[in-house]
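Chains as they are written, first to last, in the numbering used here: chain C, 1 to 429; chain R, 430 to 858; chain Z, 859 to 1287; chain P, 1288 to 1716. Let me begin by presenting the structure, written as C-alpha cells, before commenting on it.
Protein chains: 4
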Amino acid sequence: MKEVKSIEEVKLLQNFVAVRGQTEDLARPLTTEDYVIQSMPDVSPTKWHLAHTTWFFETFLLQKYLPGYKPHHEMYAYLFNSYYETVGDRWARSNRGLLSRPTVKDVFSYRSYVDDHLRVLIEKDGNRQENTFCFLVELGIHHEQQHQELLVTDIKHVLSINPMHPAYTSAMRHPKADPVPARFVEFGGGLHEIGFSGVDFSFDNERPQHQVWLEGFCLQNRLVTNADYLEFIKDGGYSDFRHWLSDGWALIQQENWKHPLYWENKDGEWHEMTLTGFRPLEPSEPVCHVSYYEADAYAKWAGKRLPTEAEWEVAASTVETRIADGNFLESGNFHPAANDVAGRPLSQIFGDVWEWTQSAYLPYPGFRPEPGAVGEYNGKFMINQMVLRGGSCATPRSHIRKTYRNFFQCDKRWQFMGIRLACEKNHSS
Amino acid sequence: MKEVKSIEEVKLLQNFVAVRGQTEDLARPLTTEDYVIQSMPDVSPTKWHLAHTTWFFETFLLQKYLPGYKPHHEMYAYLFNSYYETVGDRWARSNRGLLSRPTVKDVFSYRSYVDDHLRVLIEKDGNRQENTFCFLVELGIHHEQQHQELLVTDIKHVLSINPMHPAYTSAMRHPKADPVPARFVEFGGGLHEIGFSGVDFSFDNERPQHQVWLEGFCLQNRLVTNADYLEFIKDGGYSDFRHWLSDGWALIQQENWKHPLYWENKDGEWHEMTLTGFRPLEPSEPVCHVSYYEADAYAKWAGKRLPTEAEWEVAASTVETRIADGNFLESGNFHPAANDVAGRPLSQIFGDVWEWTQSAYLPYPGFRPEPGAVGEYNGKFMINQMVLRGGSCATPRSHIRKTYRNFFQCDKRWQFMGIRLACEKNHSS
Amino acid sequence: MKEVKSIEEVKLLQNFVAVRGQTEDLARPLTTEDYVIQSMPDVSPTKWHLAHTTWFFETFLLQKYLPGYKPHHEMYAYLFNSYYETVGDRWARSNRGLLSRPTVKDVFSYRSYVDDHLRVLIEKDGNRQENTFCFLVELGIHHEQQHQELLVTDIKHVLSINPMHPAYTSAMRHPKADPVPARFVEFGGGLHEIGFSGVDFSFDNERPQHQVWLEGFCLQNRLVTNADYLEFIKDGGYSDFRHWLSDGWALIQQENWKHPLYWENKDGEWHEMTLTGFRPLEPSEPVCHVSYYEADAYAKWAGKRLPTEAEWEVAASTVETRIADGNFLESGNFHPAANDVAGRPLSQIFGDVWEWTQSAYLPYPGFRPEPGAVGEYNGKFMINQMVLRGGSCATPRSHIRKTYRNFFQCDKRWQFMGIRLACEKNHSS
Amino acid sequence: MKEVKSIEEVKLLQNFVAVRGQTEDLARPLTTEDYVIQSMPDVSPTKWHLAHTTWFFETFLLQKYLPGYKPHHEMYAYLFNSYYETVGDRWARSNRGLLSRPTVKDVFSYRSYVDDHLRVLIEKDGNRQENTFCFLVELGIHHEQQHQELLVTDIKHVLSINPMHPAYTSAMRHPKADPVPARFVEFGGGLHEIGFSGVDFSFDNERPQHQVWLEGFCLQNRLVTNADYLEFIKDGGYSDFRHWLSDGWALIQQENWKHPLYWENKDGEWHEMTLTGFRPLEPSEPVCHVSYYEADAYAKWAGKRLPTEAEWEVAASTVETRIADGNFLESGNFHPAANDVAGRPLSQIFGDVWEWTQSAYLPYPGFRPEPGAVGEYNGKFMINQMVLRGGSCATPRSHIRKTYRNFFQCDKRWQFMGIRLACEKNHSS
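Have a look at this one:
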C-alpha cells in the first residue's frame, strides 16, 4: 500500500511536472521544420533541447536510481549528451542540425517515456530521504529551465535569419511606456557579503558566500534604452576606436557590426526582428542583443562603466526589488519591456535583459564543484567569459536569484543581454 | 472552344506531368524532418530540390509566357534560384539547410500552383508553334530529372551521416549475380565523330558534333567491382603515393580517406550504407562513390588508365548497348547491381554508375551556349571538372544519351560514380 | 653656453643610453637572416623590435618636442607602429615577417639617427621641468625593456622551429642545484592594499592602489619544477579531462599538446630547446613555457590552485624578497635556474619565470588610462587575458616591481611562464 | 692519366657551369634579407631555390654515381626536397620562409661543394657512355633553369608586397615601341602532329608525338596589350558575370580583383610594379600577370577564345618563328616588351609572356613518365591545371621549345602570363 507522500515530495513532483510541461508549451507554436534547424554553432535545434533535458533525467536519475531501467533508445545517450566528458562520447555540438532522426514525434515519445518513469521514481518512498536524489531532481528542473531560455533565444535566431521573417507567436504583445528618467543611485562601500548561503537550491558557482571590500559606487536606476543606445550610434560609436577594447574593435571590423543583433535599418527607419515579428524599433525599450564589447564601449562613451558582479549583487540586496514583478518568460512578451514604474530606487533589476557586468566568470574563493559528473556543470567553464546578472524576459521566473551567475563570452549577443551603467561615487553627474 | 491539341503538345504535357509526379514519388518515403537537412555544402535539402525545380518553370516559362502571372510568393525567387546571375540575387548555397520556412507543405502548394498554371499554359494554343517555348519546357523537364538524381544522392548523404542509419526505403532490393569475367574489348583508331547532332533534346555542352582522331584502344567489358577494388585496398593502395595524382595524395592524407564513401569496416567486415540500409558489402557489385583521384589511382595500380570521353562515346556507338536494359532510377534498386549478362561485348555502359573519364570538362570545338539566362546552364562550369558518362542507378532512364556529358570536380564522390578501365591496344593483357 | 644638467636629467640620459645599448647587445649574436623571421603570428622579427622601439621615441618624443624634426623615413611610421590607432594606419602584425626592406643595416641607421636626436633633446634645458616629457622618456625606456624580453622570447621561438636547432649563444650556462623542499607558507587574511602608489615610474594598469579583502591563504615556497611537472605527465595529466578547463581541454586535443612548449621526447629521454641549444631536460629547474590551461590543470591535479594576483602581491610585500638576487636578463642564463637558496620563506618570487595567477586582467577600481595616444598602452587589452607576476629570466632587472602586472591569453606559452601553487589555509598539507 | 673528353662531355660540363653561374648572377642584386622571405605560399625564398637546385644534383647524381660521396649536411635533404615522395620526408612548402638557417653564406658553400664534386663526376670517364647519367645532368640543368624563372618571379612578388617598392635592378630598361596592328592569321585544319619526337632533351610530358585532328582556326598576330586590356576594364569587364567562368567569378568577388596583379591605380593613373621599380603602365606592352580566368574572360568579352595547345603548337610550327629573337631572361628586361617587328605573320610567340591555352594539362595519348624518382617530375601534376606555351621574359632562352608545356592552376598569376586570342576560321573579323 502506497504511503502518504511528504510535502517536499509532492512539491518536487508538481514542480517537475509543471516545468516539463512548460517546455513543451514553449515548443507548441513551431512547425516540425522549425525543430530541426541549427542556424549557427551556438544554437541548438529545438528538438535537441527537448531531448537533451530528457537525457539529463534519464542519465543522472533513472539510470542510477531506478533498478532495471532500460534506456528509451541505445543511441540517444550519444546523440543528446551535451558536454559531459564523464558520461562518454557524444555527437559534435556543431552538427546538431544535421540530424533528421529521431523525428520530433520520436523525441516527444522519449519525453513521455522518461517522464512516466521519473514520476514513478519520485513517488517511490525509497528516495524520500535521499538528499542527493532530491538535489539531482532539482538540478534537472533548473537545467530544464535553463534550456527553456535557450530554446526561446535559439528559435529567435532560427527565425531571424529567415528572410521571410516568420514570427514565433503572432500575439502582438508590446507594452508601451515612457521610461522613468535616468539617474544614479548611490551605494555605500565597505565589507559586504556576496554569494549564496541558504538551504534552497543554488548552483555551485554561487557558493561559498564570502566577503568582498567595495568602495562606494553608483548604479543607474534603469536599463539603457534603445533611445539611449541610438545616441551612441549617431555619435559614431561604432567607428571610434577609443571606446573599444582591442578585441572588440577587431571583432566589429571583421564582422562589420554597426548595431545590435536583430536590428535592421530599412529605408532610414530602424526595425527589429522580435519573436512577435519584424517591427519598428521601440525607443523606450531596453536595448538588448548587445555583446560585452558593445556594452563596455557604450559605457565608456557615456563616461561611465559597467558594474562589477559584487556591486550588482550588493545593490540588489540593499534596495527592495521584487522578482515577482519582473518581465520574465511567463509574461509571454518574449521581449524586454519599457520601464514605467516610477518611485523605485532601482527598476528592471530582475527580468527584461541579462545585465553584463565587468567581472570575469571565475571561481569564488573556496569554490568546490559538485561531486561526480554534475561537477562538470559550471566549474570547467570558468575562463574567458564574463558574468551577467538578473535574468531576462526569456528566463523562467522561479529560476532566478540575486546570487545567480550567468556567463557568456564577450562576443555573444543572441541572448537577451543589455546594459546597466555604473560609476564611482563622485562620477554620477 | 478548345482546339484539338497536336501530338507534340500532348506528349509534352504527358511528359511534364509524369516527371513532376515522379519527383514527388521520390520524396514520399521521407519524414518532414528529412526534407530540411543539408548535410554538407554540396547537398541541398529535399525541400529545396522540390522548390527549385518549380522555380525554374515559374521563372523561365510562366513569368515569360503567361500574361498576368502572379508569382506564388515574392520571396521564392530569391530563395530558390540556384546560380543564375542573370535572374538576380539568391540565398547562399551553403545556407540552404538553415531555412525552416517555407515548410514542406508550403513547398508542395507551390508545386501545385505552378503545375496548374503550366498545364494551362501548355494547353494554350498560342504557344503551339513556338520552338523556344517547347525547348524551355523540355529543358525544365530535363532539369527536373537532374534534380531527381540529386535528390536521391543528397538524401543518401543526409541519412548516411546519421548514426542511427535510417533507410530511405525498407524494401530489400539487392539483386545478386556473379559478374562476368573481366576482359578488354578492342576498338579501332581513326577519325570518329562525337557529340550530338540530332533533332531531339540535347544540352548545349554535347554540341556541336565534331571529328576527333583516336588511336586504337581497349575498354574493359564491365565495371570495376567491389571485389576488384578490395584488392587495391589490400595491396596498400591508399598508402602508396606512386598511384596518386599529387592533389589526390594530399587530399586523402588530409581527409584520411582509406576506402570509398559510405564504406565502414565493422569488426573486420566491410559494410556499406545504402538507401536500403546498412549492410555487408557485396563483392560482385560495381564499386561506387569513388572520387576521380581514387578512380585514377585504381587504374594506375592496375597498370591501366581511364578512358577519354571520346573513346567512351565511340565504344558506346560501336557496339550494341541498350539503354532500356540499364539499372536506372526506375528500377527501384537505388544502388548499382552486379552484372550478370554474359555474351555482350560491353555491359553496364548505361546505368549503375557514372563512369569517370580522363577528359577535362571543356567546350567542344565551336561550342555556343544557349542564348539568354539558360546559357548559364553548362558553359560557365567548364573548368576544373572531369567528364563522367553513362548515367547511374539514380538517373531517370529517359534522361540519358550516349552523348550526355556529366561533370564533377575530382574530389566529389557522393554521386554514384564508378570505374571502367581502358588501355592502349597493346596493353590489354 | 650649455648649463649644468640636473641629476634627474643626467640619470634619464644615462638610462636611455644604457637601455638602448642593451637592446643592441641582445641582437648581436644573430645572423642577418635571423633578424627577418616571424615564426608565428605572435612573434615579431628582431628587426621589427629594433625599429618599433625606435619609432616609439620618434613618434611620442621627437615629433612632439623637437621643432623641425624630420622623420628618418616617411614609410617607417606605417611599418613600425604596433597597435596605436591614434597614430594612424599600420602594416598588419601577421605580415611583419614578409618585409626584407628596410634591411638590418637600415634599421641600425634608424636607431642611430633617433638616438642622436633624442640625446640632443634630453640635453636641451627647455624640457628640464616638463613632467610629461620625462614621463614619456621613461615610458619609452620601459617600453624598450618590454621589447628586450620579447626579442629574447621571439628569437627563441624562431630558432626553436628550425630543425637544425641553432643556439642563440653557445655559452653553456646552466647552473645546477638541488631545489629546496616544497612547502606552503601561510599568509593572514584581512584588508590589504595592492597596487602602486609611489612617485617612481609605474604603468597605469598598476594604479590606483586600493583595498582588497582576502581570506588567509598559503603560497608554495618555490616554483613548480620540471621534476614536479613530469609527475603530472606520467600520471596521465594530459589525457584526463577532469583536470582541465573546457577551453583548455579542447585546445590540447586540437593542438595535440602532451608537454610544455620546446620539450621533445627523443628516444625516451626528455629534451628541451633552450637559447643555449638543445639539451636534456634538467629536472631541478622551474617548469616553463606552460599555458594558463596547463598551469591550472597542474594545480588542480595537485589538489591546489593558482594564487590570485592580490595574494601574490600581498605575499611578495609581506616577506623579504630581493629583486637584486633574481635570475633576470642580465644574468645571461636566458633560462630559469634551479633554486638553491634555503632558509628563505619564499624564493624565486622575482625572475626565472612569470607566475600565472588566477586573476583576469581587468581594470583596478577607479582605473584611469594615461591621457593621449599612450593611453592605448594597457587599458584596451583588459579582456580575455590572465595576469602574470614577478618577471622572468628574460626581464631586465630594473623593469620589474611587486605591483607589476603582465598579461597574456590563456593559450600562450612562448614567454617564460611557470607555476607557483597556492591553497586555502587549511589545505596546505 | 686523364683521357681526352668527348665533345658531348665538354658541352655538358660547359652547360652545367654556365647555368649554375647564371643562377648566382640572378641572385646577385639582392640583399641578404631578400633571400629569406616567402611572401605567399606559392613563393619560395631565393635561398631555397639556390639550395633546392643543388640538392637535386646531390640527390640524383652525386649520391648515386659518386662512390663515397658525403652529403654536405645531413639535414639538407630534409630541408631542400621539394615534392619527391620517393626521396623521403621534407620540410613543409608553406614554411620555407620560416628558416633563418642555413644562412645565405651556408647555401653558397653548399653550391660550391656540390659543383666541385659534380665537375669531378662529369669529367670522370666512367660515365661517358652512360645515357641515364647524361640525361640526369641535363634534367638537372633544365630543372635549374626552371628555378631561375621562379627565382625571378618569386623575388618580384617579394619586392612587390613591400610598401617601399624596392627595385630588383635599377637599370631602367624599358624598350618602347608601337605595337603592330592586331589581325588574325588563318591556319588550316586537318590531321597534325604535335609533341616531341627528336633526340635532344625534352620533358616526358611533351611525349609521345601523336596525331590530332583540328578544324581550321585563327590566331592573333600579336599578344594582347595593356591598352587592349584597359578597354576590357573600362567596359566593366570585372563586374559583368557574363564573361566569367563560374569559379573565376567567385574568385574575383572573394579576392576583390579589379585588374591584373601588380597594377595599382594611383590618383587616376595606372601604375605597375616591375622588377625595375614602380612606374606608369605602358599601354603598348603585352598585358601580363593575369590568371586563366582573366584571360578567358577577356577573350569572351572580345568575342574570341583562347587557343588550344595543339592549335598553338601547329601555328608555331607552320610559320617562321625564331626563338633567338625573343625577349627572354638573357635580355635583362625582366618584363615583356612592346612588339615592334612588322611583317611577321606571328610575333611574340616565344618569350615575353607565357600564353594561356584553353587546354587542360593532361597526359598525351600513350604518355609514360620517366622511370624512378624523376618520374614524379611532371605526371603527378596532370590535373586541375591549364597549359601555357611559349616562355616568358623570365625564361632562359635555351630552355624553351615549341613543344614545351608549362602548366598552372587557373587562379595563379604571379608568373609572367598573358593572352593571345584565337577564333574559328569564320570569326576572325
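Ideal Cβ placement from N, Cα and C applies to all residues, glycine included.
Only those residues of the segment 1224–1238 of chain Z whose C-beta falls short of 7 Å from the nearest C-beta of chain C are listed: Gly1224 and Lys1238. Contact between His399 of chain C and His142 of chain C holds: their C-beta atoms lie close to 6 Å from each other, under 8 Å. The C-beta separation of Pro689 of chain R from Val716 of chain R comes to about 6 Å, placing the pair in contact by the 8 Å criterion.
Take His672 of chain R, set aside five residues on each side of it, and the residues of its chain with a beta-carbon closer than 7 Å to its own are Gly666, Ala726, Lys729 and Trp730, in chain order. The beta-carbon of Phe1528 of chain P is placed less than 8 Å from the nearest beta-carbon of chain R. Approximately 19 Å separates the beta-carbon atoms of Val533 of chain R and Lys585 of chain R; this is outside 8 Å, ruling out the contact.
In the DSSP annotation of this structure, the continuous segment of the alpha helix (DSSP H) that includes Arg540 of chain R starts and ends at Val533 to Glu552. By the Cβ neighbour-count rule, Ser1381 of chain P is exposed, with fewer than 16 other Cβ atoms within 10 Å of its own. Between Ile466 of chain R and Val36 of chain C, the C-beta gap is smaller than 8 Å, which places the two residues in contact.
Sequence-ordered contacts of the segment 1101–1126 of chain Z with chain C read Trp1102, Leu1103, Ser1104, Asp1105, Gly1106 and Trp1107 [C-beta pairs closer than 8 Å]. Closest option to Val319 of chain C, judged by alpha-carbon separation, among C:Asn221, C:Pro163, C:Ser202 and C:Asn256: C:Asn221.
Among the CB atoms of chain Z, one or more fall inside 8 Å of the CB of Val1391 of chain P.
With respect to the 8 Å criterion, Leu150 of chain C and Ala27 of chain C are not classified as neighbours on the basis of their beta carbons.
At a beta-carbon threshold of 9 Å, the residues of chain Z lying near Arg1388 of chain P are Thr889, Glu891, Asp892, Leu1017, Asn1020, Met1022 and Pro1024, ordered along the chain. Separation of Asp240 of chain C and Leu870 of chain Z (C-alpha to C-alpha, rounded to the nearest whole angstrom) is 36 Å.
For Leu791 of chain R, the C-beta contacts it makes with chain P under 7 Å involve Gln1645 and Ala1647, in order along the chain. With the rule of 3 Cβ pairs closer than 8 Å, the segment 1265–1280 of chain Z counts as touching the segment 1198–1211 of chain Z. The straight-line gap separating the alpha-carbon atoms of His1479 of chain P and Gly1503 of chain P is approximately 11 Å.
With contact defined as three or more Cβ pairs closer than 8 Å, the segment 1616–1623 of chain P and the segment 1546–1562 of chain P are in contact. One thing to note: Pro1332 of chain P has its Cβ within 8 Å of the Cβ of Gly1384 of chain P.
Around Tyr1365 of chain P, the beta-carbon contacts reaching into chain Z at under 8 Å are Pro1021. Taking a beta-carbon distance threshold of 8 Å, Val1628 of chain P does not count as an interface residue toward chain R. Considering only C:Val120, C:Trp263, C:His165 and C:Val137, the residue with the shortest C-alpha distance to Tyr229 of chain C is C:Trp263. Of all residues in the segment 711–741 of chain R, none places a beta-carbon less than 7 Å from a beta-carbon of chain P.
Taken in chain order, the members of the segment 1473–1500 of chain P whose beta-carbon sits within less than 8 Å of a beta-carbon on chain R are Leu1478, His1497, Gln1498, Val1499 and Trp1500. For the pair Leu214 of chain C and Ala310 of chain C, the CB atoms are nearer than the 8 Å cut-off. Sequence-ordered contacts of the segment 228–239 of chain C with chain Z are nonexistent [C-beta pairs closer than 8 Å]. DSSP lists no beta-bridge partner residue for Met1669 of chain P. As computed with DSSP, Leu214 of chain C is found in a beta bridge with C:Gly190. DSSP places Thr1176 of chain Z in the helix class (H, G or I) of the three-state scheme.
One Cα belongs to Ser713 of chain R, the other to Ser720 of chain R, and the distance between them is close to 20 Å.
The alpha-carbon of Pro1039 of chain Z is positioned some 16 Å away from that of Ala1280 of chain Z.
A residue is called buried when at least 16 other Cβ atoms come within 10 angstroms of its Cβ; Phe80 of chain C meets this threshold and is buried.
Relative to the Cα of Arg948 of chain Z, the nearest Cα in the group Z:Thr1011, Z:Leu924 and Z:Trp913 belongs to Z:Trp913.
Restricting attention to R:Asp840, R:Gly804, R:Gly808 and R:Tyr790, the CA atom closest to the CA of Arg818 of chain R is found in R:Tyr790. Residue contact with chain P for Met933 of chain Z: present (Cβ-Cβ distance below 8 Å to some residue of chain P).
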